[in-house]
Every structure is written in C-alpha cells, then in structure tokens.
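**Q** Chains as they are written, first to last, in full-length UniProt numbering: chain H, 1 to 670; chain L, 1 to 670.
Each residue gets a CB set at the ideal place from its N, CA and C atoms; glycine is no exception.
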C-alpha cells in the first residue's frame with residue numbers, strides 16, 4: 001500500500017465527529033430548569049424539617065431561632081449560586097466541579113471531588129427516597145409503618161426502569177417539578193393569606209402539644225453547637241445546586257448565559273420556598289421531634305408524626321383534603337425525581353472518571369449498555385444498604401449526606417480562585433481584568449463561605465455519622481488511585497517494550513477440528529481463503545473411537561487440507577494444542593501461527609454452557625503464547641437469531657448531557 | 001493442495017492413540033482389592049448397626065432375628081457378587097452398569113442408571129462421612145456433639161484435596177483398607193476367643209440397659225414390615241460392590257479373571273465381617289436405639305450412645321484402650337476413603353454421560369481440570385446440603401441411600417439376562433452355550449434377588465425418605481434428557497443446513513484500533529502478514545479529542561494501512577462496528593470479513609476487569625454476523641507470566657481407571 005492511499009484515512013462514514021454535531025436537542029430555559037432543578041429543589045422538602053428537629057432538643061424556645069437559621073442557609077445559597085455562575089461561565093464544557101478541581105488543583109483534588117460526588121450520589125438516592133417515604137407516609141399510614149420496605153421497592157423500581165433505558169424527556173421532568181413549585185407556592189400563599197389577611201387562627205396538629213426538651217436551658221458552647229448543628233442540617237437545602245454546572249452543553253445558546261440565568265432562577269425559588277416553609281411552620285406552631293412518643297407531651301397514644309410539609313398542608317388546607325393530598329404527592333414525586341437524577345449522574349460521572357483512567361476503561365463508552373447497567377446496579381445496591389442500615393430515617397441519613405457536597409463545593413471554589421489568578425497573570429484588557437477580579441472576589445467569598453460550612457458540618461456531624469461518608473470516600477479514592485496506577489504501569493510497560501514492526505515472514509494456519517461437521521468445514525474454507533503459507537487441520541485424540549471415525553471420514557471426503565492427529569495421553573485438549581503450537585513456534589520463530597477455532601453461536605446463556613466451553617478455554621490459553629493469533633469462525637445456530645432482535649437502548653442521562661436523537665431519526669436495532 | 005498430500009494426514013505426534021497404550025500402571029489383585037473395595041467394605045461399619053436400630057423399635061426380643069437378617073443380607077451379597085462376576089467377564093471395558101443397561105436395554109434404561117448412580121455418589125459421601133463422624137464421636141466427645149460441623153469440615157477438606165488434584169496411589173488405599181480388615185478381624189477373633197474359648201463374661205456398656213419398645217408385641221403384617229425394614233437397612237452393606245465392574249481396565253491381565261477373583265475376595269471378606277459383627281454384638285448384649293435418652297431404660301443422665309462397632313471394641317478390648325482407639329480410627333479412615341471414591345467416580349461417570357451427550361460436552365475431556373472441578377464442587381455442595389438437612393444422622397440418610405444402588409443393580413441384571421439371551425441366539429459352540437446358559441441363570445437369580453430387594457426397599461423406605469432420592473433422580477434424568485435433546489436438535493440443524501464448500505472469493509480484513517500503541521501495531525503487522533485482498537484500520541470515534549490525536553499520530557507514523565474513522569453518535573463501540581461490517585458484507589457478499597482485535601493478556605482476574613471488556617463484548621456480537629471471522633491478536637503483559645507457572649494437574653480417579661504416568665515421565669507445566 002502506497003503512501004498515497006493514506007489520503008483515504010480521512011474517509012469518514014456520515015459526517016465527521018458526528019457525535020458532536022448530531023443528535024443534540026438543546027434545552028430552552030423553561031425546560032432546563034426542571035431538568036436540572038429537581039435535585040436542588042426537592043431538598044427544601046427535608047431541610048427545614050431537619051432544622052426544627054435539631055432545635056427541638058433544646059425545647060420549644062429554641063424554635064425562635066428557626067428564621068435566623070433559615071436566613072443563614074439562604075445566605076449560603078446566595079453565595080453558592082453567585083459562585084457557580086462564575087463556574088458556568090469559566091467552564092462551559094459540563095465537566096463540573098471535577099473538571100474545575102482537576103484543571104486548577106491537580107488530579108488528587110479532582111479525584112477527591114470525584115470520590116465525594118460518587119458517595120453523594122448514593123446518599124442522594126437514599127435520602128430522597130427516605131424523605132419521599134416519609135411524605136407519602138403522612139398520607140398513607142401503611143407506608144409510615146413499612147418505610148424500609150417502601151424505600152427498597154421504590155429503589156428497585158427506579159433501578160429496573162433505568163436498566164431498561166429510560167428515554168428522558170423534558171416533559172417528564174417539567175410536570176412534577178412545576179407541579180411541586182405550584183403546589184408549594186399555592187400552599188404558602190394561601191397559608192400566609194389566611195393568617196395575615198383573613199386573620200384565620202390556623203394551627204398545625206402538633207401546635208397543641210408540648211416539646212419535652214432533652215436538654216433544657218442549654219447555655220454557652222453547647223447551645224452554639226446546637227445552633228450550628230441545626231444550620232448544618234439546613235444546609236442540606238444546597239445539595240444539587242451544582243447540577244447545572246454539569247449540564248451547560250445541554251442549554252440553548254448562549255449556553256453559559258442561559259445556564260447562569262437558570263441557576264439564579266433555581267436559587268431564588270429555593271430561597272423563597274425555604275424561607276416560606278420555615279416562617280409558616282413557625283407561625284402555625286409546627287413541632288417536629290425525633291421520637292414523638294417520648295418527646296411530644298400531650299400527643300395521643302400511638303400518634304404518628306407527619307412530615308413538616310404534610311403538617312403545614314394539613315393545617316393550611318384544613319377540610320380541603322385534595323389540597324393536602326396534592327402537596328404530599330407532588331413532594332414525593334419530586335423527591336423520586338431527584339433520586340432518579342442520581343441514577344443518571346452516577347454513570348455519567350463514572351464515564352468521566354473512566355476517561356481519566358480512574359475506573360475501568362470500558363465505562364468510558366457512554367452508549368454502552370452494560371457499562372451503565374453495572375453503574376446503576378452498584379448505585380442501587382449501595383443506596384439500599386444505606387436505607388436498610390439506617391432504617392430509612394431521613395434524620396440519620398442526612399448526617400452522612402452533605403459532607404461530600406461541601407467538600408466538592410470548597411475544592412471547586414479554591415480551583416476557581418486559582419483559575420482567575422492564573423488568567424489575571426496574562427490578561428491585559430482592563431475590562432476583562434475588572435470582570436475577572438470581580439469573579440475572583442465572588443469565588444473567594446464562596447470559598448470562605450463553603451469552607452466555613454464544611455468545617456461546621458465536620459465538627460457538628462462527624463460523630464453523628466459523617467465519618468461513615470468520609471470512610472467511604474477515602475476507600476473509593478484509594479481504589480481509584482490503585483486502578484489509575486495499574487493503567488499507568490501498563491502504559492509504562494508498553495512504552496518500554498521493544499517492538500520491531502517487521503512483518504512476520506510467513507503465516508502458518510491450523511484449524512482445530514473435532515468432527516467433520518459444517519462449522520469445521522466453514523472454518524476450513526475461511527482458513528483457506530486467507531491463503532496461508534501453510535495450512536493444516538489438527539484434531540486432539542481424546543477418544544480413540546471418535547478420532548478413528550474422523551480420520552476415516554476425512555479420507556473419504558473431498559477435503560485437501562491435511563489432518564494431523566495430536567496424541568493426548570491425559571485426554572485433555574488444551575495442553576496438547578499448546579505444546580504443538582509451541583513446537584511450531586520453536587521450529588520457525590519468525591512465522592506467525594493462526595489458530596482457527598470453529599465456534600457455535602447460540603442465543604441462550606444455557607446453550608453457551610453446553611457449547612464452546614473447551615474452545616473458549618483453549619482460546620484463553622492460546623493467547624498467552626507469543627506470536628499466535630486466535631481466529632473464531634462462527635457458526636450461527638438458529639437460536640442465535642433471537643439475540644439480534646434485542647431492542648434499542650437509550651443511555652440514561654442523555655437529555656441532561658445534550659445528547660438525543662433528532663426528530664424522525666431511528667436507531668436501527670442490532 | 002493435491003490429493004497426494006492426504007498421505008500426511010496420518011502423521012501423528014508420538015505414537016498413535018497414545019492415551020490407550022501409554023501411561024497405564026496396571027494393578028495387581030493385592031492393590032486392586034483395597035483400591036476398589038473401600039466403598040463396599042466400609043459399609044459394614046453402618047449396616048449392622050442399622051439392623052439393630054430398626055429392630056429396637058420392637059424391643060429386645062426382636063434382636064433374636066438379627067442373625068437371620070444378617071444371613072439374608074449375606075445371601076443377597078453372594079448372589080450380587082456372583083452376578084457381577086458375569087458382568088465383569090461380559091463387559092471388560094469398565095463401563096459398568098451404565099454400559100450394560102445402555103447396550104442391552106436402550107438409552108432410557110442407561111440414563112436411569114446414570115441418574116441413580118449420580119444421586120448415589122452424593123449419598124455415598126453424605127452417609128460415609130456421617131458414619132465416620134459417629135465412629136470418631138464414640139472416642140472423641142467433641143465430635144459427637146458437633147457432628148454436622150465435623151462432617152462439613154471433612155467434606156470441605158476432601159473437596160480441596162481433590163480440587164488440587166490428588167495423585168492416587170495404591171499405597172494410599174492399601175494401608176487404611178488392610179488396617180481396617182486387620183482391625184476388624186482381630187477384634188472379632190479376640191472377642192469370640194474370649195467368649196467361647198476363655199469363657200470370659202464380657203458385656204457391652206449397653207448390656208445392662210433395657211430397651212423401651214416403641215411398639216410392644218408387634219404382630220402380623222406390622223412385624224413382617226419391621227423385619228423387612230431391618231433387612232432393607234442391612235442391604236446398605238451391598239453399596240459399592242459394583243465398583244469393581246467399573247475398574248476392569250485397571251487390572252493386570254487376565255483382566256476379567258482377576259477382577260472376578262477380587263470381587264469374590266471382597267464379597268467373602270464383607271460377609272465374614274458383617275456376620276461376625278452381628279453375632280458378636282448380639283452375644284455381648286449391644287443395644288442400639290434411635291434416641292438413647294428416651295429408649296434406653298437404666299442409662300445414666302446424658303448418656304452418649306457409642307456406635308455399634310465402638311461398643312464392641314470397647315467391650316472386647318476392655319482395659320486395653322489402644323485397641324479401642326485403633327478400631328475407631330481405622331473405621332473412620334476407611335469411611336473417609338469410601339467418600340473419597342465418590343469424588344473420583346462422580347466426574348468419571350460425568351465424562352461418560354457427557355460422551356453420550358447427556359451432560360455438557362466439555363465434561364467429556366477427562367484430563368480437563370475445570371470440568372473435574374465443577375463436578376467435584378457440585379458433589380461437595382450436594383453432599384453438604386444433605387448432611388445439614390438431615391443433621392448428619394446416618395439413620396436418616398440411609399433411608400435415601402440404597403434405592404439408587406438397587407435401581408442400578410436391577411437394571412444391570414435385566415440387561416445381563418438380555419445380553420446372554422441375545423448371544424445364545426448366535427452361539428453354536430456347545431461349551432460356550434453351556435457357559436452362557438449358566439451365566440444367564442446366575443444373572444436371572446441376581447435379577448430376581450435385586451428386584452425383590454428393590455421392591456422391599458421401596459415399600460419400607462419410600463415415606464421414610466427414599467422419595468427424596470427418587471425425586472432427585474427424576475430431576476437429574478429430566479435435565480439430562482433436555483440436554484440430550486438440545487444436542488440432538490443442533491445436530492439436526494447442522495444436518496439440514498446447506499453449505500456449499502466454495503471458497504469465499506476475497507478476504508477483507510479490518511483492524512480495530514483505539515490508540516496507536518504496541519498492541520495495535522502488532523495487530524496491524526499480523527493482519528498484513530495474512531496478506532488480505534483489502535486491509536484497513538478502523539477506529540470508532542467515541543471521543544473527539546482522542547480520535548483527532550489518533551488521526552494525527554497515524555499521519556505522522558510510517559504505517560501504510562489506511563485508517564477509517566467510524567462515527568458513533570451515541571458514543572458506543574459495538575453498534576457502529578457491526579453496522580460497518582454489515583455494510584461491507586452487503587457490498588460484497590462473497591467476501592469473508594476478518595476483524596482483528598488487539599487484546600491485552602493479563603495474569604489476574606481483576607486485570608481482566610480493567611482491560612478488554614469492550615473488545616470482548618464486541619467480539620461476542622460480531623460472531624452473530626454471518627461471513628465474519630474474529631481474530632484476537634494478543635499482547636502479553638508481564639503479569640501474564642504468572643499464569644504460565646500454573647502447576648501440573650493430575651485428574652482424580654486416574655489410578656482406578658488405569659491411567660497414570662510411567663515412572664520417570666514428567667508432565668511439562670503449562
């Protein structure tokens with residue numbers, strides 16, 4: 001082949017780099033908001049409740065601090081949103097915190113963020129589903145008493161939906177998310193209207209009970225600690241805010257600007273809902289304690305405590321039960337949606353980590369069904385383990401939750417500060433410099449804020465459970481380091497190996513046959529078609545009778561390829577073939593030996609057990625011999641047809657990553 | 001290639017059909033006896049005890065029948081030994097009952113025998129180990145109270161020894177077997193001497209206790225039923241007698257004569273031991289009941305009942321404890337040896353069944369380590385399941401045991417009767433006819449005897465547990481039928497397929513590359529060495545950056561093979577390659593397409609997870625396309641060396657099958 005033919009190298013099928021330009025269905029802001037916001041927004045379903053719960057330890061009087069804690073959380077939210085608006089502009093590629101940390105702080109920081117996020121995805125599923133169970137449980141007593149069962153069933157359902165390949169659509173996200181926003185806004189507005197405008201005297205069902213404070217009259221450090229813990233728990237409202245920074249490529253142009261606007265919208269809605277819920281709950285006397293039988297004085301025997309949102313809905317809508325049910329259902333729905341985003345995000349993050357060789361390489365191929373399945377199954381198993389271990393208690397799970405989020409926030413902000421500093425060194429345009437300096441200030445504030453929250457979270461939650469999340473992160477970090485090291489050592493081995501690209505002088509082909517059936521004949525015909533320098537058929541004599549029959553058939557047939565019988569004193573197949581191939585290699589070391597193996601192709605896994613096992617094992621062993629190629633010549637049995645009819649698979653998370661089929665485009669089934 | 005070259009077809013490596021003529025170490029009778037007799041002889045360790053146990057239900061008076069039951073069992077033994085001496089002469093190939101039934105009664109009868117024997121091997125392990133535990137437990141109280149644990153540990157030990165490939169030797173069999181015979185004979189002789197010659201008044205430790213009969217004064221049918229049950233249980237002494245008929249090829253010449261003599265020897269020793277044990281036990285007042293706390297009046301609180309043999313040894317040797325310990329230890333040893341024979345026999349039977357396509361074909365290759373491992377693991381798991389389910393109680397397990405043996409005995413004898421009848425039709429020599437008629441008479445008596453015992457066993461034991469064994473046999477029978485049917489349908493499909501042996505007109509080779517590293521270069525070089533009509537390299541664009549880099553490298557390199565980039569809109573590897581190959585096939589249907597896949601060869605299973613996964617999946621899918629060959633071009637990473645150092649493997653059961661290495665012959669490690 002001449003150098004000229006390299007011109008054909010560029011011959012591409014279809015348009016070049018089709019995956020970049022084709023199949024994008026870009027999201028307008030009104031769809032992007034629900035697609036990326038369900039995780040963040042759903043956290044207002046449990047964050048305020050956790051604030052009330054923590055403070056109940058010090059008795060009812062501590063509830064006076066709830067608005068202030070809410071404000072502190074809202075402040076953190078403002079800062080984080082402002083910071084991530086800078087991220088979105090600086091890194092529009094959708095790499096998110098992992099990319100920011102890796103680029104600016106090096107691979108170790110990136111890997112730390114990666115581990116934190118992987119653990120966090122697991123906890124997102126656990127916390128969201130547990131909280132959904134709690135909200136549904138407020139309306140359906142059966143769920144209340146069988147929370148763990150409900151959660152496990154829900155996770156199994158989500159898993160099977162995602163394993164089958166859920167085709168995401170903007171609508172699927174939009175309806176529950178907007179329904180949740182509408183439900184919440186209506187509930188809050190109606191509630192405040194009734195209280196402040198109509199002057200109705202509405203009370204939650206727990207308003208009449210007294211909290212039995214575990215620790216009455218907390219003072220000094222202990223009280224500060226309690227407030228800090230309540231604040232930490234409230235910061236759960238921030239989880240999921242970073243999702244938009246992973247989704248910039250899916251936005252319509254101007255991508256970064258639209259993403260930043262959507263982020264602002266998300267932050268505003270979250271703050272409104274958070275503050276509204278806290279203020280209204282306090283107004284109507286909601287109480288939320290960890291053990292109502294012990295801590296709620298005046299409650300009737302066997303009282304089942306409703307979730308905070310359910311208590312508000314119950315009080316606000318009074319006799320109008322559809323309102324109460326609507327709010328509980330949409331709250332549960334958005335929580336399930338939030339859990340589902342983890343099912344999409346986890347394998348996507350896995351593919352990014354695999355690209356950087358921190359996870360098995362095959363996870364990199366995003367469209368690959370099996371790679372995704374493994375990720376989904378791992379996520380589901382881990383989430384179920386957490387659910388069972390913590391009895392589906394939101395309060396217990398939330399102790400583990402936000403460490404990872406804030407590790408990721410903080411490292412990302414450090415990275416952004418470095419990013420701007422680096423760019424300022426080269427940038428000369430005063431306007432651009434001014435913008436960069438402004439951005440750096442915002443990210444510095446973000447860093448100080450998220451760093452402080454991280455420290456507070458670590459102090460107040462370490463012993464309560466955060467250590468478990470940290471241990472998990474460290475373990476995943478270590479495992480990914482080991483995988484990376486393995487790939488690096490393979491790379492080094494390849495770099496150091498000598499390989500002269502001289503062509504092997506001749507090819508010597510052998511066809512393995514056991515009986516003279518059609519698969520063997522096809523293998524012989526294919527082997528002859530490759531016109532090797534030497535071609536022979538080889539059979540291993542594991543059974544005298546069979547071998548004699550084969551030799552007789554061979555002599556009677558029209559086959560001109562010579563048949564060689566290899567003795568097998570121990571009636572095995574592998575060793576004699578290996579020995580024979582080694583002998584060929586010794587005799588002419590510059591030849592390449594090709595071993596043709598006829599194989600049945602079957603449609604069922606159990607047929608696989610009944611066929612090819614010796615061939616597979618032999619193939620595996622032959623590959624250990626240098627200078628040997630192994631060629632499978634398939635014979636398709638009729639049962640193999642069913643495998644061709646496998647349905648088309650859509651990878652989860654496509655919509656969020658801006659990947660999709662164009663209208664009318666059809667994927668041809670394999 | 002000309003017709004003349006078919007002369008080289010016969011070129012064999014080494015001597016022709018080496019596995020037949022080489023590597024046999026034939027056994028003299030003195031070694032053959034212990035090798036094949038441990039199973040049969042060990043059953044006298046539990047058979048007499050079961051007779052005593054069953055009769056104890058009717059109280060002490062029923063013990064007067066023990067000698068008569070013993071005689072009945074001995075009579076069956078005489079008949080069975082005489083019958084099998086005919087088998088051994090008629091079928092010297094070692095196929096045993098399976099071969100006799102298949103040849104004379106057709107495949108269904110053969111398969112019935114096969115299923116019965118498979119179940120029986122499992123029960124041999126369970127019963128032998130449970131009985132060993134009982135005997136050891138008579139000397140070591142800890143084993144008595146932890147029988148299940150002891151049995152499970154023992155089976156796991158046996159399994160691991162056999163998985164590692166136990167090199168059998170005649171000595172390993174001879175020492176425990178002869179020690180058992182000597183121990184028993186000395187014990188019995190000394191016991192009878194003391195009683196009848198010295199006139200010592202020796203008593204077993206249970207002699208002073210009274211049996212509380214469950215059913216006093218049994219009369220009529222009920223009593224006959226009890227006697228029949230005792231007889232059925234006693235027939236457990238016959239298990240393992242058929243083993244010699246599987247081992248004829250391992251005997252020194254004249255094989256059949258020597259095997260028949262050994263059979264006679266085995267039968268004689270078994271009868272002597274059986275009758276000796278029963279008579280002496282009765283003489284010294286041994287009692288054996290199912291629940292000593294309930295059924296033994298006068299026994300102290302917490303009395304642990306010793307096995308029957310231990311009771312005899314204890315009484316006979318009196319103060320001489322080494323004698324007592326010697327007898328218990330050799331009894332346990334021969335029982336473990338008997339269990340071990342099942343570990344050898346099970347995979348061997350599996351390989352025979354696989355040869356006839358009743359089990360996955362790869363089990364046929366006897367020397368194959370993996371095939372044997374699977375058989376051994378299955379046997380061990382099933383035996384452990386039985387041990388645990390029945391609490392390692394010999395009495396419970398023995399209810400399941402002998403159905404299979406007698407199914408196999410009976411079918412084998414029917415087969416032998418037909419065998420002689422068939423031969424008598426053609427035989428004209430009066431002497432030969434006389435011998436055949438004599439043999440047929442013996443086998444007919446054998447048939448009547450074993451058939452009657454089978455009916456008695458079925459009647460007396462069906463509800464007590466034999467039904468479980470029967471259900472297991474039916475299930476295995478059905479499974480093997482299904483496997484056979486599958487193979488037959490594949491055969492039919494191949495027979496009905498049209499295949500013109502015309503050579504494909506041209507070969508079109510494609511080499512899959514992802515990066516331009518050494519494995520890819522080797523694959524390209526090897527592919528070029530096969531001189532295809534058309535050769536091109538193909539890469540799937542799952543990542544733009546990577547693909548651009550590859551294209552740039554390719555253009556800078558000295559490679560003259562053109563590189564084709566395939567678009568992958570969904571970032572997957574498999575589908576675009578399949579589509580491309582299909583397009584090639586459509587364009588020139590008579591070409592054969594060869595896909596070269598560079599593969600890493602690694603040494604650890606976890607490395608396998610980190611490499612080749614996409615390649616393996618692609619390979620699996622490509623095989624479904626007709627007219628496509630898949631060639632693996634291996635690149636051996638340094639870690640792959642460790643796999644080459646795997647130690648040599650000796651298949652279990654070689655000694656019994658007459659297969660072994662000649663002195664000084666060495667197996668080269670793979």
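Below 7 Å on C-beta distance, what does residue 601/H contact in chain L?
**A** Residue mapping note: residue 601/H aligns to position 601 of the first chain, counting from 1. Residues of chain L passing the Cβ test: 623, 624.
**Q** Going along chain H, which residues have a C-beta under 7 Å from residue 609/L?
**A** Residue 609/L sits at position 609 when you count from the first residue of the second chain. Those within 7 Å of residue 609/L in chain H are 360.
**Q** I'd like the list of long-range same chain contacts for residue 542/H, defined as Cβ closer than 6 Å, with 5 residues on each side in sequence excluded.
**A** Counting from 1 along the first chain, the entry for residue 542/H is found at position 542. Here the set comprises 568, 571.
**Q** In its own chain, which residues sit with a C-beta less than 7 Å from the C-beta of residue 131/H, not counting the 5 before and 5 after it?
**A** Looking up residue 131/H in the first chain gives position 131. So the list reads 45, 46, 335, 394, once near-sequence residues are dropped.
**Q** Are residue 35/L and residue 176/L touching if we call contact CB-CB under 8 Å?
**A** Start at 1 with the first residue of the second chain, and residue 35/L comes out as number 35. Start at 1 with the first residue of the second chain, and residue 176/L comes out as number 176. Against a cut-off of 8 Å, the Cβ pair of residue 176/L and residue 35/L comes out as no contact.
**Q** With 8 Å set as the bound, which would you pick, yes or no: does the beta-carbon of residue 629/H sit closer than that to a beta-carbon of chain L?
**A** Counting from 1 along the first chain, the entry for residue 629/H is found at position 629. Answer yes: the Cβ-Cβ gap between residue 629/H and chain L drops below 8 Å somewhere.
**Q** From which residue to which residue does the beta strand (DSSP E) around residue 604/H run?
**A** Along the first chain, one-based indexing puts residue 604/H at 604. It is not in any beta strand (DSSP E) - residue 604/H carries neither H nor E in the DSSP assignment.
**Q** Can you find the residues in the same chain that come closer than 6 Å, C-beta to C-beta, to residue 473/H, ignoring five residues on each side of it along the sequence?
**A** Here residue 473/H refers to the residue found at position 473 of the first chain. These residues qualify, in order along the chain: 115, 116, 119.
**Q** Would you please verify whether the beta carbon of residue 671/L is less than 8 Å from any beta carbon of chain H?
**A** There is no way to answer for residue 671/L, as the model of chain L reaches only from 1 to 670.
**Q** For residue 88/H, collect the residues of the same chain with a Cβ closer than 8 Å to its Cβ; drop the 5 residues on either side in sequence, then sort them by chain order.
**A** Reading the first chain from its first residue, position 88 is the one you call residue 88/H. Correct list, in chain order: 244, 245, 248, 256, 259, 260, 263.
**Q** Could you give the DSSP three-state label for residue 31/H: helix, strand or coil?
**A** Locating residue 31/H in the first chain gives position 31, where the first residue counts as 1. It is helical.
**Q** Can you pull the chain L residues whose beta carbon is under 7 Å from the beta carbon of residue 529/H, in chain order?
**A** By one-based count along the first chain, residue 529/H stands at place 529. Going along chain L in sequence order, the residues near residue 529/H (Cβ under 7 Å) are 503, 504, 507, 592.
**Q** For residue 685/H, count neighbouring Cβ atoms within 10 angstroms of its own Cβ and tell me buried if that reaches 16, exposed if not.
**A** Lying outside 1 to 670, the shown extent of chain H, residue 685/H is not represented and no answer is given.
**Q** Can you tell me whether residue 392/H is helix, strand or coil according to DSSP?
**A** Numbered from 1 along the first chain, position 392 holds the residue referred to as residue 392/H. Residue 392/H falls in the coil class under three-state DSSP.
**Q** Could you pull the start and end residues of the alpha helix (DSSP H) that residue 535/L belongs to?
**A** In the second chain, the residue the question calls residue 535/L occupies position 535. Counting along the chain, residue 535/L falls outside any alpha helix (DSSP H), though it belongs to the beta strand (DSSP E) covering 534-541.
**Q** Can you name the residues that DSSP bridges to residue 566/H?
**A** Taking the first residue of the first chain as position 1, residue 566/H is located at position 566. DSSP, once it has assigned bridges, lists 540/H as partnering residue 566/H.
**Q** In angstroms with no decimal places, state the Cα-to-Cα distance between residue 265/L and residue 405/L.
**A** Mapped onto the second chain, residue 265/L falls at position 265. Mapped onto the second chain, residue 405/L falls at position 405. Looking at the two C-alpha atoms, the distance is approximately 21 Å.
**Q** What residues match up with residue 596/L in a beta bridge as DSSP calls it?
**A** Along the second chain, one-based indexing puts residue 596/L at 596. Beta-bridge pairing links residue 596/L to 511/L, 631/L.
**Q** Which bits of chain L does residue 86/H rub up against, with CB to CB less than 9 Å?
**A** Position 86 of the first chain, counting from 1, holds the residue named residue 86/H. Under the 9 Å cutoff, chain L gives no residues; its nearest Cβ is about 25 Å from residue 86/H.
**Q** Pick out whichever of 429/H, 469/H, 411/H has its Cα sitting closest to the Cα of residue 443/H.
**A** In the first chain, counting from the first residue as 1, residue 443/H sits at position 443. Of 429/H, 469/H, 411/H, the residue nearest in Cα terms is 411/H.
**Q** Name the residue from 206/H, 623/H, 524/H, 377/H whose alpha carbon lies nearest to the alpha carbon of residue 292/H.
**A** Taking the first chain and counting its residues from 1, one reaches residue 292/H at position 292. Answer by Cα proximity: 206/H.
**Q** Any idea what DSSP makes of residue 211/L, helix, strand or coil?
**A** Counting from 1 along the second chain, the entry for residue 211/L is found at position 211. In the structure shown, residue 211/L sits in a strand (DSSP, three-state: E or B).
**Q** Could you tell me which whole alpha helix (DSSP H) segments of length 4 or greater appear in the region 277-339 of chain L?
**A** The qualifying runs are 292-295, 308-317.
**Q** Using three-state DSSP, classify residue 636/L as helix, strand or coil.
**A** Locating residue 636/L in the second chain gives position 636, counting from the first residue. It is a strand residue.
**Q** Could you give the distance in angstroms between the alpha-carbon of residue 345/L and the alpha-carbon of residue 133/L?
**A** Sequence index remark: in the second chain, residue 345/L carries index 345 (1-based). Sequence index remark: in the second chain, residue 133/L carries index 133 (1-based). For residue 345/L and residue 133/L, the distance between alpha carbons rounds to 22 Å.
**Q** Since I believe residue 129/L is in contact with residue 155/L (beta carbons under 8 Å), could you give me their beta-carbon distance rounded to a whole number of angstroms?
**A** Residue 155/L sits at position 155 when you count from the first residue of the second chain. Residue 129/L sits at position 129 when you count from the first residue of the second chain. Going by Cβ atoms, the distance from residue 155/L to residue 129/L rounds to 6 Å, so yes, they are a contact pair.
**Q** Compute the Euclidean distance between the alpha carbons of residue 299/L and residue 441/L, then round it to the nearest angstrom.
**A** Stepping through the second chain from its first residue, residue 299/L is reached at position 299. Stepping through the second chain from its first residue, residue 441/L is reached at position 441. Going by the C-alpha atoms only, they are around 51 Å apart.
**Q** Look at residue 81/H and residue 267/H and say whether their C-beta atoms are less than 8 Å apart.
**A** Here residue 81/H refers to the residue found at position 81 when the first chain is read from its first residue. Here residue 267/H refers to the residue found at position 267 when the first chain is read from its first residue. Cβ atoms of residue 81/H and residue 267/H: closer than 8 Å.
**Q** Taking C-alpha atoms, which residue in 278/L, 408/L, 595/L lies nearest to residue 524/L?
**A** Your numbering for residue 524/L matches position 524 in the second chain. The residue with the shortest Cα to Cα distance from residue 524/L is 595/L.
**Q** Less than 8 Å between C-beta atoms, sequence neighbours within five positions excluded: which residues of the same chain meet that for residue 483/L?
**A** Position 483 of the second chain, counted from the first residue, corresponds to residue 483/L. Cβ neighbours of residue 483/L beyond the five flanking positions: 357, 358, 359, 360.
**Q** Count the other CB atoms, across all protein chains shown, that sit within 10 Å of the CB of residue 342/H; report buried if there are 16 or more and exposed otherwise.
**A** Here residue 342/H corresponds to residue number 342 of the first chain, with the count starting at 1. Classification for residue 342/H: buried.
**Q** Note the first and the last residue of the continuous alpha helix (DSSP H) segment covering residue 444/L.
**A** Translated into positions along the second chain, residue 444/L becomes position 444. First-last of the alpha helix (DSSP H) with residue 444/L: 430-461.
**Q** Quick one: what's got a C-beta closer than 6 Å to residue 302/L's C-beta in the same chain, skipping five residues either side?
**A** As a working mapping, residue 302/L is identified with position 302 in the second chain. If we look at residue 302/L and ignore the five residues flanking it on each side, it has no Cβ neighbours.
**Q** Using beta-carbon positions only, say whether residue 561/L and residue 618/L come within less than 8 Å of one another.
**A** As a position in the second chain, residue 561/L is number 561, starting the count at 1. As a position in the second chain, residue 618/L is number 618, starting the count at 1. No, the Cβ-Cβ distance between residue 561/L and residue 618/L is not below 8 Å.
**Q** Which residue wins for smallest C-alpha separation from residue 64/L, given the options 74/L, 287/L, 185/L, 634/L?
**A** The residue you call residue 64/L lines up with position 64 of the second chain. Ranking the options by Cα distance to residue 64/L, first place goes to 287/L.
**Q** In terms of residue numbering, what span does the alpha helix (DSSP H) encompassing residue 202/H cover?
**A** Along the first chain, read from residue 1 onward, the residue named residue 202/H stands at position 202. Taken as a continuous stretch (DSSP letters only), residue 202/H belongs to no alpha helix (DSSP H), as it is neither H nor E.
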